[in-house]
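Data first, discussion second: the structure below is written as structure tokens.
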Amino acid sequence: MYIAAGFLLVLGLVPKIGALTTTIPTAVLGGAMVAMFGMVVAQGIKMLGKVDFASQENLLIIACSVGVGLGVTAVPNLFHVLPAFLQLFTSNGIVAGSITAILLNIIFNIRLAPKEKTKLQESSVEQ
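This is the structure in structure tokens:
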């Protein structure tokens, strides 16, 4: 990991070495990009494997985050009525979905004390 970081640092700081990377054919870069994004997806699935899906809060967090992310991607003008500084965060599906996940995680898993969660679960069992 540190070797890759050092390599990228050298590429960024030494222009002659950085210019050498422009000679790489686009087909090779495309193949490397497919592998790289595949690894990102695999790591995301691995992380989701550790989530407790028995919790309704976690299901809601994932559903809303994916929905907002896909919604922004499918309908680019979804948040066009917001002020310009907020449109920076809502114009990209990944950013909008990530912010949604972070905020909902704070609301459901951090702000709600374990006692409140227990009360909510007990009341749902009684009904």
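Sequential numbering from 0 applies to the sequence shown in numbering that gives the first Met the number 0. Beta carbons: idealized from backbone N, C-alpha and C, even for Gly. Because the structure is a prediction, the values reported are computed rather than measured.
Assigned exposure category for residue i - 16 Cβ within 10 Å defines buried
{"i": "T99", "result": "buried"}
{"i": "G68", "result": "buried"}
{"i": "G43", "result": "exposed"}
{"i": "A95", "result": "buried"}
{"i": "V9", "result": "exposed"}
{"i": "I60", "result": "buried"}
{"i": "V71", "result": "buried"}
Coil, strand or helix - residue i by DSSP
{"i": "I44", "result": "helix"}
{"i": "I23", "result": "coil"}
{"i": "V39", "result": "helix"}
Short CB-CB distance (under 8 Å) between residue i and chain D
{"i": "L103", "result": "This model lacks chain D altogether; it includes just one protein chain."}
Residue range of the unbroken alpha helix (DSSP H) whose run includes residue i
{"i": "I101", "result": "G92 to N104"}
{"i": "A3", "result": "Y1 to L12"}
{"i": "N57", "result": "Q55 to A73"}
Contacts around residue i, its chain only, beta-carbon distance under 8 Å, and the 5 residues preceding and following it disregarded
{"i": "I105", "result": "none"}
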